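Residues 2 to 90 (my numbering) make up the sequence shown, in order. Note sheet for the following structure.
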Amino acid sequence: MFSSLITRSKAIVMTALDIKQQVWIVSISKQGQLSQSLIVNEDEFSFPFEWMFKQGYSDDMIDQVKRMKISRILSFKLENCTHKIARVK
2 MFSSLITRSK AIVMTALDIK QQVWIVSISK QGQLSQSLIV NEDEFSFPFE
52 WMFKQGYSDD MIDQVKRMKI SRILSFKLEN CTHKIARVK
């Protein structure tokens, strides 16, 4: 029982550390024209995926971002913009 408690605790801590270490490059374009690219680092925010939440990403979009592996790219339409997200860490 003690061993399983340690294993579960370790998994929870590792998940929390992984979230804090996530980094994305986000390119935002309007009507096919690149308007900005930026680096989003989870360490700079108060809670996981705060930047995405503040940009208006839906729960489904955030769930997709949560499941992203390194080097994957997702594309989302938000209002009249396209957000392309690449997970780099």
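For every residue, glycine included, the Cβ atom is placed at its ideal position computed from N, Cα and C. Computed from a predicted structure; not experimentally measured.
Problem - Length at least 4, wholly inside the segment 28–68: the alpha helix (DSSP H) runs in chain order - result: Those alpha helix (DSSP H) runs which fall completely within the segment 28–68 and span 4+ residues are 51–56 and 60–67.
Practice task
Can you give me the Cβ contacts of Arg73 inside the same chain, cut-off strictly under 8 Å, excluding the 5 residues immediately before and after it?
Solution key: Only Ala87 and Arg88 meet the Cβ criterion.
Problem - Proximal residues to Ile29 (C-beta, below 6 Å), its chain only, five neighbours per side dropped - result: The residues are Ser36, Gln37, Cys82 and His84.
Practice task
Starting from the Cα of Glu80, find the closest Cα among Ser59, Lys90 and Leu39 and give me that residue.
Solution key: For Glu80, the nearest C-alpha among the options comes from Ser59.
Exercise for the section: Would you list the residues sitting across from Val24 in a DSSP beta bridge? Expected result: Its beta-bridge partners are Asn42.
Problem - Cβ distance (whole Å) where Lys90 is taken to contact Val24 below 8 Å - result: The Cβ separation is near 4 Å, so the contact holds.
Exercise for the section: Could you have a look at Arg88 and say whether DSSP puts it in helix, strand or coil? Expected result: If DSSP states are grouped into helix, strand and coil, Arg88 belongs with the strands.
Problem - Neighbourhood of Met62 by C-beta distance below 6 Å, restricted to the same chain and skipping five residues each side - result: For Met62, where only same-chain residues beyond five positions count, the Cβ hits under 6 Å are Phe77.
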